[in-house]
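For reference, the structure is listed below as structure tokens.
There are 2 protein chains.
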Amino acid sequence: MPDLTPLLAFRWSPRAFDPSTELDLEEAASLLEAARWAPSADNLQPWRFALGHREDETWKRILTCLPLDDQGWARHAAALLVGAHTGDDGRAAYDLGQAVAHLTVQATALGLHVHQLTRFDRAGLAAELDLPDDIRPLVVVAVGRLGDPYALPPELRDAETALRHRRPMASLLLG
Amino acid sequence: MPDLTPLLAFRWSPRAFDPSTELDLEEAASLLEAARWAPSADNLQPWRFALGHREDETWKRILTCLPLDDQGWARHAAALLVGAHTGDDGRAAYDLGQAVAHLTVQATALGLHVHQLTRFDRAGLAAELDLPDDIRPLVVVAVGRLGDPYALPPELRDAETALRHRRPMASLLLG
Numbered sequence: 524m525p526d527l528t529p530l531l532a533f534r535w536s537p538r539a540f541d542p543s544t545e546l547d548l549e550e551a552a553s554l555l556e557a558a559r560w561a562p563s564a565d566n567l568q569p570w571r572f573a574l575g576h577r578e579d580e581t582w583k584r585i586l587t588c589l590p591l592d593d594q595g596w597a598r599h600a601a602a603l604l605v606g607a608h609t610g611d612d613g614r615a616a617y618d619l620g621q622a623v624a625h626l627t628v629q630a631t632a633l634g635l636h637v638h639q640l641t642r643f644d645r646a647g648l649a650a651e652l653d654l655p656d657d658i659r660p661l662v663v664v665a666v667g668r669l670g671d672p673y674a675l676p677p678e679l680r681d682a683e684t685a686l687r688h689r690r691p692m693a694s695l696l697l698g
Numbered sequence: 524m525p526d527l528t529p530l531l532a533f534r535w536s537p538r539a540f541d542p543s544t545e546l547d548l549e550e551a552a553s554l555l556e557a558a559r560w561a562p563s564a565d566n567l568q569p570w571r572f573a574l575g576h577r578e579d580e581t582w583k584r585i586l587t588c589l590p591l592d593d594q595g596w597a598r599h600a601a602a603l604l605v606g607a608h609t610g611d612d613g614r615a616a617y618d619l620g621q622a623v624a625h626l627t628v629q630a631t632a633l634g635l636h637v638h639q640l641t642r643f644d645r646a647g648l649a650a651e652l653d654l655p656d657d658i659r660p661l662v663v664v665a666v667g668r669l670g671d672p673y674a675l676p677p678e679l680r681d682a683e684t685a686l687r688h689r690r691p692m693a694s695l696l697l698g
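Structure, rendered in structure tokens:
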């Protein structure tokens with residue numbers, strides 16, 4: 524396996540978050556700044572974000588739109604961030620993906636972990652956050668410090684400590 | 524401005540690439556490996572890639588599908604990579620965006636620079652690379668080492684050395 528920079532090699536998506544740590548304002552600002560400086564087609568920057576810190580009003584509105592079984596672990600993350608995009612073509616979603624990836628790299632640099640969720644009640648979240656029609660929420664990003672995997676319910680614990688898998692490289696290459 | 528990890532802070536999208544350096548096989552493998560380990564919804568990994576090294580057959584096929592004014596500078600990059608996705612929803616494009624962002628971070632770690640292009644002849648490229656109907660090319664990524672900005676045509680030189688701009692943070696935050 525080729526060498527990867529540690530900020531990528533050590534990145535993974537946990538469900539065990541430490542329920543006692545918070546995201547301070549400096550950390551939150553640097554995560555959003557990382558997203559802000561991502562590249563985008565024609566520099567349109569089609570990404571928009573809503574950030575809720577644990578127990579605040581925005582956090583509650585985001586949390587209630589997640590599937591119940593995800594709420595169980597996601598509520599322990601220090602913050603929940605909604606990633607949304609303007610426009611309705613694939614390029615806007617693509618650029619949002621880049622921005623959240625940059626945010627994730629910055630989170631790793633800060634010793635934080637990220638777990639993204641794309642299965643949630645989009646219409647409900649748009650209503651809860653009073654989003655205009657042209658702002659499309661696509662992802663909810665749980666951010667926090669790693670917690671104790673043994674505090675997870677048994678059915679999640681195994682996945683937490685399992686080996687990670689990806690398709691073989693050859694299957695990704697065209698032509 | 525909050526601190527960013529150097530791999531993000533020093534990233535930008537040049538047009539001046541050094542026409543004499545090549546991308547070696549180890550570098551190419553690590554770029555693709557970075558993309559391969561990106562996160563994706565349900566671990567579907569909807570990204571697919573075609574990589575052309577300068578002057579090889581794949582490179583020629585990719586280059587001819589770029590707008591003429593982009594061909595002028597993109598031909599000096601060490602490699603041209605097509606990023607495509609399976610599926611037709613925004614989540615697949617989003618995940619491709621994450622994968623290319625991870626590749627870009629790895630490129631920065633290797634001392635390489637990346638410039639992405641989303642304006643190209645998609646149908647032409649799908650035909651040139653003989654892509655199946657369900658593989659949708661979305662981006663062409665020029666990768667290489669920084670070159671001399673004074674070797675660029677005058678109309679590109681100013682953009683190359685201009686300050687970078689982003690929307691103010693407040694305009695990105697919802698609610």
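Just so you know, the protein sequences line up as chains A and B, in that order. Going by my numbering, the first sequence opens with residue 524, and the numbers climb by one from there. Going by my numbering, the second sequence opens with residue 524, and the numbers climb by one from there. All C-beta atoms, glycine included, are put in the ideal place defined by N, C-alpha and C. Given the structure is predicted, the values throughout are model-derived calculations rather than measurements.
Within 8 Å, strictly: CB atoms of residue i and residue j
i: Gly606/A; j: Leu619/A; result: yes
i: Gly698/B; j: Leu589/A; result: no
i: Phe572/A; j: Leu546/A; result: no
i: Leu669/A; j: Arg538/A; result: no
i: Leu535/A; j: Arg642/A; result: Sequence check: residue 535/A is Trp here, not Leu. Not a contact, by the Cβ cut-off of 8 Å.
i: Ala665/B; j: Phe533/B; result: no
i: Ala600/B; j: Gly667/B; result: yes
Alpha-carbon to alpha-carbon, residue j and residue i
i: Ala551/B; j: Asp611/B; result: 28 Å
i: Gly613/B; j: Gly613/A; result: 6 Å
i: Pro529/B; j: Arg584/A; result: 34 Å
i: Arg598/A; j: Ala650/A; result: 20 Å
i: Glu578/B; j: Leu603/B; result: 10 Å
i: Met692/B; j: Gln621/A; result: 17 Å
i: Leu696/B; j: Arg690/B; result: 11 Å
i: Trp596/B; j: Gln629/B; result: 22 Å
i: Thr627/A; j: Ser694/B; result: 21 Å
i: Ser543/B; j: Leu675/B; result: 15 Å
i: His638/A; j: Pro677/B; result: 45 Å
i: Leu548/A; j: Asn566/B; result: 31 Å
i: Thr631/B; j: Ile658/B; result: 28 Å
i: Met524/B; j: Leu531/B; result: 13 Å
i: Ala646/A; j: Asp656/A; result: 10 Å
Spatial neighbours of residue i in its chain, beta-carbon cut-off 7 Å, leaving aside the 5 residues before and after
i: Ala615/B; result: Pro569, His608, Thr609
i: Thr684/A; result: Pro672
i: Tyr617/B; result: none
Beta-carbon proximity list for residue i, same chain, < 6 Å, skipping 5 on both sides
i: Pro562/B; result: none
i: His636/A; result: Pro537, Leu669
i: Gly575/B; result: Thr581, Trp582, Ile585, Leu603
i: Leu492/A; result: Here chain A comprises residues numbered 524 to 698, so residue 492/A is not present and cannot be evaluated.
Expected contact under 8 Å - CB spacing of residue i and residue j to nearest Å
i: His625/B; j: Ala682/B; result: Between Ala682/B and His625/B the Cβ distance is about 26 Å, and since that is not below 8 Å, they are no contact.
i: Val623/A; j: Val662/A; result: 6 Å
i: Asp526/B; j: Ser553/A; result: 6 Å
i: Leu654/A; j: Asp593/A; result: In fact, because the Cβ distance is near 21 Å, the residues do not count as touching under 8 Å.
Residue i - partner residues in DSSP beta bridges
i: Gln639/A; result: Val664/A
i: Gly575/A; result: Leu603/A
i: Trp570/B; result: His608/B
i: Arg584/B; result: Answer is none; Arg584/B lacks a bridge partner.
i: Leu633/A; result: Answer by DSSP bridge pairing: none, since Leu633/A is not bridged.
i: Leu696/A; result: Phe572/B
Own chain partners of residue i with C-beta closer than 8 Å, once the 5 adjacent residues on each side are dropped
i: Leu633/A; result: Glu550, Ser553, Leu554
i: Trp560/B; result: His625
i: Leu591/B; result: none
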